[in-house]
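For the sequence shown, our numbering begins at 4 and goes up steadily by one. I have placed the structure first, in the form of structure tokens, so that the comments after it can refer back to it.
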Amino acid sequence: MPIARLAQGGRWRVEALRALPEACLLWFTRGQGRVTLDGVTRGYGPHNAIFVPAGVIHGFEIAPQTIGFAVFFGFNSPDPLPGKALHLRVRDAAPQVELSALIEAASRELDGGRPGAARAARFQLGLIGVWLERQAAVQPNEVEANDAARRLVARYSALLERDFRTGQGVGDYAAKLGVTATHLTRSCRATSGRAALEMLHDRRLYEARRLLSETATPVQEIAAGLGFSSAAYFTRAFHAATGKTPSDFRRAG
């Protein structure tokens, strides 16, 4: 689907840190901004391909001039996909045209309703996986954790995705990682521009907004399920971040 469509219902759907249960590819053909992937924030521009494995925390800025596609590979993709996050700046015209053509072919199959369309689309997705494999072999991957801070924040991001519902604080995560909370926060600021606590709050509040907008789960259950000590504390934290109470946010959505 067009990348702009991902933000329908609120820019928080793309800008807040979150993870998806399926792998996806973001292919930007126009525009620029910042993207956070595996705890590292960097700029993106035209002809950037960003592969996000299932379960990897990410978020990106989107502007009116941002154009591109998001490709979702499904929950049980039959074809092998890269095992790590990728950020590839594709500077040669030939692979740029090739990827855009593969995405458009898959889209035509899904929209055309012809016999065998789903199977044909899966074949196109398999070819996109091959394209990623080939480009990863020749393009520098900017997500590589090539220093201690990036490695630490990548581990923190993985723990955060696993445990953000438990109510643990930054000190608990730091202890699991074998560092002090101060060191973890310093590393997060160096790689992503956000403190460790900001990353934790962003992930929890994304999930809160998703549940409020997509389900009828009572506010008290959402608060408890996200590790808040009380519904009142959850309401205060939510209002401080969004300017709305949970109930107002749900009604507005």
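A virtual CB, placed ideally from N, CA and C, is assigned to each residue, including glycine.
Under a three-way DSSP split, which group does residue i fall into?
{"i": "T69", "result": "coil"}
{"i": "P5", "result": "strand"}
{"i": "L229", "result": "coil"}
{"i": "V17", "result": "helix"}
{"i": "I53", "result": "strand"}
{"i": "L84", "result": "coil"}
{"i": "L23", "result": "coil"}
{"i": "T220", "result": "coil"}
{"i": "V93", "result": "coil"}
{"i": "G174", "result": "helix"}
{"i": "T248", "result": "coil"}
{"i": "V38", "result": "strand"}
{"i": "R260", "result": "There is no way to answer for residue 260, as the model of the chain reaches only from 4 to 256."}
{"i": "G77", "result": "coil"}
Whole angstroms is fine: what's the gap from residue i's alpha carbon to residue j's?
{"i": "G16", "j": "A161", "result": "Just to set this straight, residue 16 is Arg in the shown sequence, not Gly. Whole-angstrom Cα-Cα distance: 20 Å."}
{"i": "I70", "j": "V93", "result": "16 Å"}
{"i": "Q68", "j": "F78", "result": "30 Å"}
{"i": "G12", "j": "K179", "result": "36 Å"}
{"i": "P83", "j": "G129", "result": "8 Å"}
{"i": "E210", "j": "T39", "result": "17 Å"}
{"i": "N144", "j": "P56", "result": "14 Å"}
{"i": "A120", "j": "E107", "result": "13 Å"}
Between the Cα of residue i and those of the options, spot the shortest distance and give me the residue it belongs to.
{"i": "Q142", "options": "L163, A52, K247", "result": "A52"}
{"i": "L28", "options": "A10, L20, P85", "result": "P85"}
{"i": "A7", "options": "V38, V43, E64, Y47", "result": "E64"}
{"i": "P221", "options": "M202, R254, D205", "result": "R254"}
{"i": "R33", "options": "P24, E210, G48", "result": "G48"}
{"i": "V100", "options": "I131, G174, G119", "result": "I131"}
{"i": "G172", "options": "L155, R154, L200", "result": "L200"}
{"i": "V133", "options": "P118, L102, A121, N149", "result": "L102"}
{"i": "A73", "options": "R37, E147, E25", "result": "E25"}
Is it true that the CB of residue j sits closer than 7 Å to the CB of residue i?
{"i": "G42", "j": "S195", "result": "yes"}
{"i": "A97", "j": "E112", "result": "no"}
{"i": "A109", "j": "Q127", "result": "yes"}
{"i": "F252", "j": "L203", "result": "no"}
{"i": "A198", "j": "R207", "result": "no"}
{"i": "A19", "j": "D205", "result": "yes"}
{"i": "F54", "j": "L89", "result": "yes"}
Meets three-Cβ-pair contact criterion under 8 Å: the region 223 to 230 and the region 181 to 198: With the cut-off at 8 Å, the region 223 to 230 and the region 181 to 198 do not touch.
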